[in-house]
Each structure stands twice: as structure tokens, then as C-alpha cells.
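K.L.:
Structure in C-alpha cells, see below.
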Amino acid sequence: MIDHNATPRRNFLGRMAAAAVAGGLSWTGGHTAAAATQDWTSEVGGNHKCFFDFPNHKLSFPLVHIFNYIGTYASAFGVGNEQVGTVGTFYGGGPASSIFMGFNDEIWSSYKVGEYAGLDDSDGRPYTRNVFNRPTSDDSVLLAKGLQSPNFAALEGAMPLVGIENLQNLGTKFIMCNNALNSWVVELEARGKGTAADIDAALRANLLPGVTIVPAMVIAIEQAQQAGIAYNKQ
Numbered sequence: 013m014i015d016h017n018a019t020p021r022r023n024f025l026g027r028m029a030a031a032a033v034a035g036g037l038s039w040t041g042g043h044t045a046a047a048a049t050q051d052w053t054s055e056v057g058g059n060h061k062c063f064f065d066f067p068n069h070k071l072s073f074p075l076v077h078i079f080n081y082i083g084t085y086a087s088a089f090g091v092g093n094e095q096v097g098t099v100g101t102f103y104g105g106g107p108a109s110s111i112f113m114g115f116n117d118e119i120w121s122s123y124k125v126g127e128y129a130g131l132d133d134s135d136g137r138p139y140t141r142n143v144f145n146r147p148t149s150d151d152s153v154l155l156a157k158g159l160q161s162p163n164f165a166a167l168e169g170a171m172p173l174v175g176i177e178n179l180q181n182l183g184t185k186f187i188m189c190n191n192a193l194n195s196w197v198v199e200l201e202a203r204g205k206g207t208a209a210d211i212d213a214a215l216r217a218n219l220l221p222g223v224t225i226v227p228a229m230v231i232a233i234e235q236a237q238q239a240g241i242a243y244n245k246q
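When we follow the numbering used here, the leftmost residue of the sequence shown carries the number 13, and every step to the right adds one.
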């Protein structure tokens, strides 16, 4: 019998192998690196915990939902943010992915992330800084675009609150998929942004503070479930 899924599976494994080679990974090793990331769940505190799974940036709306989760526990249930633990994810592939949300302004500028992702500021120019990390009220144009509406005051007030740094201050843990990172290295090399080795070194040296690289997001999701962290697909 012909296995019609064989070719797609081979293509997927081929892409994974290429990403691994670009990232300098070993298919037979890596156990030490994997073990070092197993304890990321211990950084998720509180009695109310939720894993927000977003492979796409969706113009900041996954971050809005994390803030909403924390804020609603405070306003509706009187639960302080120290009792609420949240997790956000950086992974995926292509211009719509969330992978580049986890890097600092140097990467955004060097690799023209705003242009790559089609993310423009209020003047219509591609962002050269990580707009998701420390957004200002002017950056609410992203939320307005997501809502397909004109910008308005409530969005301007909300935007600075849903930045990655602010969410980290409220106890949110952000993790990045190593496999997705390796895949982005391959893509950036193919786009003529440098050699895989140089790109890989630059990306890993310029993660946002507090971001933990996990071996694979599919495993991290399982680990979160085992740790009693609820799951929310974005």
C-alpha cells in the first residue's frame, strides 16, 4: 500500500535536519542542554497558572490576552499578580510568526525585522526596534490594525501595558523554541543575511532578558501540562 503521507513527512524531517545542522545541533547529543531547560516551569509561580500558546505575533493580541488574564484575576477575584503565573511562547516560522518577538532592538535593526514582518509604525515606516518589548502609546496602531478600526484613546492607553517587559514584571515567563530558532537561522541565511554560524551566534547573544530557550515547544507544552499549568491556544 502506498503511504501518501511519506513525502510530507520526509520533507518535514528534511527541514528539521537542515535546521539542526545550521544551529550546530547533534541528533545524538544535546541531553545536557535539554536537561538545563527542564526547570523553566519552576519559574512560573502562583496558584493560578496558564500557558498562552502563540506561534504567531497577531499584532500583540496574545500579549493583550496575557494581560487580561492577570488583570481580571485582580479586578474580578481580588487575586494579586504574585498569585498568577503566565507563560508566553516565541516560535513558528515566517513573517507572521512570534519567534522574533524574543530578540532585542539590535536584532530588529540588523535584520530589518519590521520590514520582514510587515510591521510599520504610526508614520508608516518599518519598525527597527522590538515594538513588542517596550511599546509606547503610538504603537497602538498595531492593535488598531488587528481590530481593523481607527486608532482610539483606549488602545493608546493599553499598548504600553501589554509589552513583554511589563508582563515579565507581572510574573510572565517567556520561552523560545530552539527548533524554531534554528529554522529562522536557515531562513535568514537563505535571505542573504550572513552565514548560519554568524546569524546563530548573533541571535543567541541578543535574546531579551529572561527568555529561556527550550528544546522544542511541543515538549514545553507537555511539560507545562505535567506541571499543572493550564493551556490557552491563541
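Ideal Cβ placement from N, Cα and C applies to all residues, glycine included.
Buried or exposed: which applies to K245, given that a residue is buried once 16 or more other Cβ atoms fall within 10 Å of its Cβ?
P.N.:
Numbered from 1 along the sequence shown, position 233 holds the residue referred to as residue 245. With fewer than 16 Cβ atoms within 10 Å of its Cβ, K245 is classed as exposed.
K.L.:
Tell me the residue span of the alpha helix (DSSP H) that contains K157.
P.N.:
Numbered from its first residue, the sequence shown carries residue 157 at position 145. 153-159 is the extent of the alpha helix (DSSP H) around K157.
K.L.:
To the nearest angstrom, how far is it from the Cα of A239 to the Cα of D135?
P.N.:
Working through the sequence shown from its first residue, we reach residue 239 at position 227. Working through the sequence shown from its first residue, we reach residue 135 at position 123. Roughly 44 Å separates the two Cα atoms.
K.L.:
Taking contact to mean 3 or more Cβ pairs, one atom from each stretch, closer than 8 Å, check whether the region 198-209 and the region 161-169 are in contact.
P.N.:
no
K.L.:
What does DSSP give as the partner residue(s) for V96 in the beta ladder?
P.N.:
Start at 1 with the first residue of the sequence shown, and residue 96 comes out as number 84. The partner list for V96 (beta bridge, DSSP) reads H60.
K.L.:
Return the residue from the list A86, V174, N93 that minimises the CA-CA distance to G183.
P.N.:
What you label residue 183 is simply residue 171 of the sequence shown in a count that begins at 1. For the residues A86, V174, N93, the minimum Cα distance to G183 belongs to N93.
K.L.:
With distance defined between alpha-carbon atoms, name the residue in Y128, K61, N178 nearest to E6.
P.N.:
Here the chain has residues from 13 to 246 only, and residue 6 is not among them.
K.L.:
Using alpha carbons as the reference points, say which of V76, N68, Y243, T53 lies closest to L155.
P.N.:
As a first step, residue 155 is located in the sequence shown; it is residue number 143 there, counting from the start. Considering only alpha carbons, the answer is V76.
K.L.:
Please give me, in chain order, every unbroken run of the beta strand (DSSP E) with length at least 3 that falls completely inside the region 176-231.
P.N.:
184-189, 224-226
K.L.:
For the alpha helix (DSSP H) containing Y243, name the first residue and the last one.
P.N.:
Walking along the sequence shown from the start, residue 243 turns up at place 231. No alpha helix (DSSP H) holds Y243; the beta strand (DSSP E) holding it covers 242-245.
K.L.:
Just the Cα atoms here: how many angstroms apart are G97 and A170?
P.N.:
Mapped onto the sequence shown, residue 97 falls at position 85. Mapped onto the sequence shown, residue 170 falls at position 158. Using only the alpha carbons, I get a separation of about 20 Å.
K.L.:
If you check the beta carbons only, do E177 and N145 fall under 8 Å apart?
P.N.:
Against the sequence shown, residue 177 aligns to sequence position 165. Against the sequence shown, residue 145 aligns to sequence position 133. Going by C-beta atoms, E177 is nearer than 8 Å to N145.
K.L.:
Would you decide whether N294 is buried or exposed? Buried here means 16 or more other CB atoms lie within 10 Å of its CB.
P.N.:
Lying outside 13 to 246, the shown extent of the chain, residue 294 is not represented and no answer is given.
K.L.:
Please determine, among N181, S87, N194, the residue with the shortest C-alpha to C-alpha distance to F112.
P.N.:
As a position in the sequence shown, residue 112 is number 100, starting the count at 1. Looking at the Cα atoms, N194 is the closest of the given residues.
K.L.:
If you follow the alpha helix (DSSP H) that I111 is in, where does it begin and where does it stop?
P.N.:
Here residue 111 refers to the residue found at position 99 of the sequence shown. Segment: none, I111 is in no alpha helix (DSSP H) and carries neither H nor E.
K.L.:
With DSSP as the reference, identify every bridge partner of D132, one or two as the case may be.
P.N.:
Stepping through the sequence shown from its first residue, residue 132 is reached at position 120. Here D132 is bridged, per DSSP, to P138.
K.L.:
In this structure, what does DSSP give as the bridge partners for N68?
P.N.:
The residue you call residue 68 lines up with position 56 of the sequence shown. DSSP output for N68 lists S109 as bridge partner(s).
K.L.:
Within this structure, are the beta carbons of I187 and T224 separated by less than 8 Å?
P.N.:
The residue you call residue 187 lines up with position 175 of the sequence shown. The residue you call residue 224 lines up with position 212 of the sequence shown. Contact flag set, yes.
K.L.:
Report the option in L71, W52, N191 whose CA atom is closest to the CA atom of V174.
P.N.:
Mapped onto the sequence shown, residue 174 falls at position 162. Looking at the Cα atoms, L71 is the closest of the given residues.
K.L.:
Mind checking V230: buried by the 16 CB within 10 Å criterion, or exposed?
P.N.:
Within the sequence shown, residue 230 is the residue found at index 218, counting from 1. Exposed is the call here.
K.L.:
Output needed for G105: all residues of its chain with C-beta closer than 6 Å, excluding positions within five of it in sequence on either side, in chain order.
P.N.:
Taking the first residue of the sequence shown as position 1, residue 105 is located at position 93. For G105, where only same-chain residues beyond five positions count, the Cβ hits under 6 Å are S195.
K.L.:
With DSSP as the reference, label F164 as helix, strand or coil.
P.N.:
Residue mapping note: residue 164 aligns to position 152 of the sequence shown, counting from 1. Of the three classes helix, strand and coil, the one that applies to F164 here is coil, per DSSP.
K.L.:
Does DSSP classify T101 as helix, strand or coil?
P.N.:
One-based indexing of the sequence shown puts residue 101 at position 89. Strand.
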